Amino acid sequence: MADVTVAVIGGDGIGPEVTAQACKALRAGAERAGLTVDLLDVDVGARRYLATGEVLPDAVLEELRGVDAILLGAIGAPEVPPGVLERGLLLRLRFAFDQYVNLRPITLLPGVTSPVRDLEPSDCDLMVVRENTEGLYAGAGGTSHHGSPGETAVETSINTRHGIERVARFAADLAVRRAGRLTLCHKTNVLTHAGGLWHRITEAVASEAGLTLDYAHVDALCLHLVQDPGRFDVVVTDNLFGDIITDLGAAVQGGLGYAASGNLNPDGTAPSMFEPVHGSAPDIAGTGSASPVAAVLSVTLLLEHLGQPEAAAAVQRAAASVVPLLGPDQPSTEALGDRIAEAVATG
Ligand code: IPM
Ligand code: MN
4 MADVTVAVIG GDGIGPEVTA QACKALRAGA ERAGLTVDLL DVDVGARRYL ATGEVLPDAV
64 LEELRGVDAI LLGAIGAPEV PPGVLERGLL LRLRFAFDQY VNLRPITLLP GVTSPVRDLE
124 PSDCDLMVVR ENTEGLYAGA GGTSHHGSPG ETAVETSINT RHGIERVARF AADLAVRRAG
184 RLTLCHKTNV LTHAGGLWHR ITEAVASEAG LTLDYAHVDA LCLHLVQDPG RFDVVVTDNL
244 FGDIITDLGA AVQGGLGYAA SGNLNPDGTA PSMFEPVHGS APDIAGTGSA SPVAAVLSVT
304 LLLEHLGQPE AAAAVQRAAA SVVPLLGPDQ PSTEALGDRI AEAVATG
């Protein structure tokens with residue numbers, strides 16, 4: 004029996020192409036660590052939905068529950084109405100497996116050009132800890148008077164002490180292991196109910212960890228993230244703010260092609276799931292022009308989560324090593340994947 008089993012959801016569009024390369028990097032990393040890995044292919048996504056109407060059958064959910072980690076490529080196709088796969092697949096997995104941390108590094112790799120002029124890697128190295136099970140994503144709300152002039156939609160943000168406390172604790176622990184700076188991002192000047200709760204709890208958790216909490220309103224944080232990303236180390240925030248600021252962060256780090264993420268269940272009661280932040284990019288699917296770097300960087304997070312920091316660092320170095328090759332005339336997705344896997348093995 005293998006030491007670890009990783010379920011692989013290649014998904015749609017460029018998902019399967021970049022995920023195949025990420026799997027090579029994972030195998031090479033595991034080999035370095037003396038770990039045997041079983042990869043279990045799981046077929047869900049737009050293709051299955053369009054063919055069978057199934058989004059995430061319960062049997063598949065239970066199969067996934069039994070693995071050590073999940074590697075996901077990208078889900079979605081233009082033919083599928085908005086919300087079907089997002090809610091029925093991605094968010095269902097995040098919620099069902101209590102992946103309450105969405106960890107998103109915003110790191111400018113050496114050699115990558117940021118749209119922020121003269122930005123140096125040393126000034127762009129932060130971690131966003133996005134709450135991943137509550138907020139406006141919880142699905143609380145409803146509509147009434149459909150189609151009439153009085154039609155009304157309510158979307159309610161759910162914020163529990165339990166939910167905030169656990170994500171704040173994760174972020175504080177991470178900050179202690181890094182530069183010791185923790186920033187809460189919210190909008191406490193307007194969202195006084197939820198913002199007040201977030202601020203009180205995060206402040207208490209920070210002080211318990213020996214940290215002084217820094218605070219930024221989400222609008223101001225967007226400004227700072229572009230003008231001076233070096234002021235941030237660990238940023239903790241709610242689900243929707245985290246979704247938005249990490250796309251901005253991805254732009255600052257050179258684009259979605261460098262943005263990795265981990266949906267973590269830090270308590271280990273169910274598997275965590277690792278995915279590049281980019282989508283399925285149907286326009287370039289099958290052309291071999293997608294960069295596998297974000298998927299490979301997600302493998303770094305996966306290996307760290309499995310307690311393999313040395314292998315994770317090797318995969319990180321290997322991903323960084325292909326940066327000079329990227330651009331309009333870059334090698335194919337597969338050729339890049341081969342180079343990365345080779346660099347993991349030898350570097
Ligand atoms: C992300 C995505 C998802 C989110 C969508 C696809 C549901 O934008 O992972 O950032 O909003 O969380
Ligand atoms: Mn997003």
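Just so you know, we're using this note's numbering here: the sequence shown kicks off at 4 and counts up by one. We treat Cβ as the ideally placed atom computed from N, Cα and C, and that holds for glycine. These numbers come from a predicted model, not from an experiment.
Check whether the Cβ of residue i sits closer than 7 Å to any heavy atom of the ligand MN, and report yes or no.
{"i": "ASP250", "result": "yes"}
{"i": "ASP246", "result": "yes"}
Could you tell me the distance, in whole angstroms, from the CA atom of residue i to the CA atom of residue j?
{"i": "ARG181", "j": "THR55", "result": "47 Å"}
{"i": "PRO295", "j": "ASN266", "result": "19 Å"}
{"i": "LEU225", "j": "GLY252", "result": "With the sequence shown as reference, residue 225 is identified as Cys, and Leu is not the correct amino acid for it. Each residue's alpha carbon lies about 9 Å from the other."}
{"i": "ALA317", "j": "GLY310", "result": "14 Å"}
{"i": "GLU65", "j": "ALA175", "result": "32 Å"}
{"i": "GLU313", "j": "ASP41", "result": "20 Å"}
{"i": "ALA77", "j": "ARG184", "result": "32 Å"}
{"i": "ALA284", "j": "LEU259", "result": "11 Å"}
{"i": "HIS281", "j": "ALA80", "result": "13 Å"}
{"i": "SER301", "j": "GLY145", "result": "35 Å"}
{"i": "ILE109", "j": "PRO124", "result": "10 Å"}
{"i": "ARG287", "j": "LEU216", "result": "The displayed chain sequence assigns Ile, not Arg, to residue 287. If I take the Cα positions, the gap works out to 43 Å."}
{"i": "GLN333", "j": "PRO152", "result": "53 Å"}
{"i": "GLY150", "j": "VAL157", "result": "15 Å"}
{"i": "ALA298", "j": "ALA33", "result": "16 Å"}
{"i": "SER292", "j": "LEU106", "result": "27 Å"}
{"i": "VAL70", "j": "GLU82", "result": "31 Å"}
{"i": "PHE277", "j": "ALA25", "result": "11 Å"}
{"i": "LEU74", "j": "ASP44", "result": "10 Å"}
{"i": "ALA49", "j": "LEU306", "result": "28 Å"}
{"i": "PRO279", "j": "ALA28", "result": "14 Å"}
{"i": "ASP61", "j": "LEU67", "result": "10 Å"}
{"i": "ARG120", "j": "ASP126", "result": "12 Å"}
{"i": "PRO85", "j": "GLY350", "result": "43 Å"}
{"i": "GLU206", "j": "VAL179", "result": "14 Å"}
{"i": "PHE351", "j": "LEU139", "result": "The displayed coordinates of the chain run from 4 to 350. Any statement about residue 351 would go beyond what the structure contains."}
{"i": "TRP201", "j": "VAL193", "result": "13 Å"}
{"i": "LEU228", "j": "PHE244", "result": "13 Å"}
{"i": "ALA197", "j": "GLY166", "result": "12 Å"}
{"i": "ILE343", "j": "ARG203", "result": "45 Å"}
{"i": "GLU168", "j": "ALA143", "result": "21 Å"}
{"i": "GLY340", "j": "ALA72", "result": "21 Å"}
Applying the criterion that 16 or more other CB atoms from any shown protein chain within 10 Å of the CB defines a buried residue, is residue i buried or exposed?
{"i": "VAL87", "result": "exposed"}
{"i": "ASN135", "result": "buried"}
{"i": "ASP246", "result": "buried"}
{"i": "PRO327", "result": "exposed"}
{"i": "GLU211", "result": "exposed"}
{"i": "ASP15", "result": "buried"}
{"i": "LEU308", "result": "The sequence as given places His at residue 308; Leu does not occur at that position. HIS308 is buried by the Cβ-count criterion."}
{"i": "PRO232", "result": "buried"}
{"i": "ASN242", "result": "buried"}
{"i": "SER275", "result": "buried"}
{"i": "THR240", "result": "buried"}
Tell me, which residues are paired with residue i by DSSP?
{"i": "CYS188", "result": "ALA219 and THR240"}
{"i": "ALA156", "result": "THR146"}
{"i": "ALA162", "result": "Residue identity differs from the one stated: residue 162 is Asn in this sequence, not Ala. Answer is none; ASN162 lacks a bridge partner."}
{"i": "ASN266", "result": "ASN105 and MET276"}
{"i": "ALA293", "result": "Looking at the DSSP assignment, ALA293 forms no beta bridge with any residue, so it has no partner."}
{"i": "GLY69", "result": "The partner list for GLY69 (beta bridge, DSSP) is empty, contrary to what the question assumes."}
{"i": "GLY138", "result": "ILE161"}
Cβ of residue i within 7 Å of any heavy atom in the ligand IPM?
{"i": "VAL347", "result": "no"}
{"i": "LEU93", "result": "yes"}
{"i": "GLU134", "result": "no"}
{"i": "GLU89", "result": "yes"}
{"i": "VAL390", "result": "For residue 390 there is no data in the structure shown, the boundaries of the chain being 4 and 350."}
Where does the unbroken beta strand (DSSP E) through residue i begin, and where does it stop?
{"i": "PRO19", "result": "Unbroken run through PRO19 is the alpha helix (DSSP H), 18-35; no beta strand (DSSP E)."}
{"i": "LEU43", "result": "40-44"}
{"i": "THR110", "result": "104-110"}
{"i": "GLU206", "result": "Premise fails: GLU206 lies in the alpha helix (DSSP H), 195-211, not in any beta strand (DSSP E)."}
{"i": "ASP128", "result": "128-134"}
Starting from residue i, trace the alpha helix (DSSP H) in both directions and tell me its first and last residue.
{"i": "LEU152", "result": "In the sequence as presented, Leu is not what sits at residue 152; that position holds Pro. It is not in any alpha helix (DSSP H) - PRO152 carries neither H nor E in the DSSP assignment."}
{"i": "ARG342", "result": "336-349"}
{"i": "ALA80", "result": "Where ALA80 is concerned, there is no enclosing alpha helix (DSSP H), given that its DSSP letter is neither H nor E."}
{"i": "SER301", "result": "296-308"}
{"i": "THR8", "result": "That residue, THR8, is in no alpha helix (DSSP H); its beta strand (DSSP E) goes 7-14."}
{"i": "PHE277", "result": "From DSSP, PHE277 is part of no alpha helix (DSSP H) but of the beta strand (DSSP E) over 275-279."}
{"i": "ARG51", "result": "49-55"}
{"i": "PHE98", "result": "95-99"}
{"i": "ALA315", "result": "312-324"}
So, is the C-beta of residue i closer than 8 Å to a C-beta in chain B?
{"i": "ALA174", "result": "Considering every chain present, this structure includes no chain B. It has just one protein chain."}
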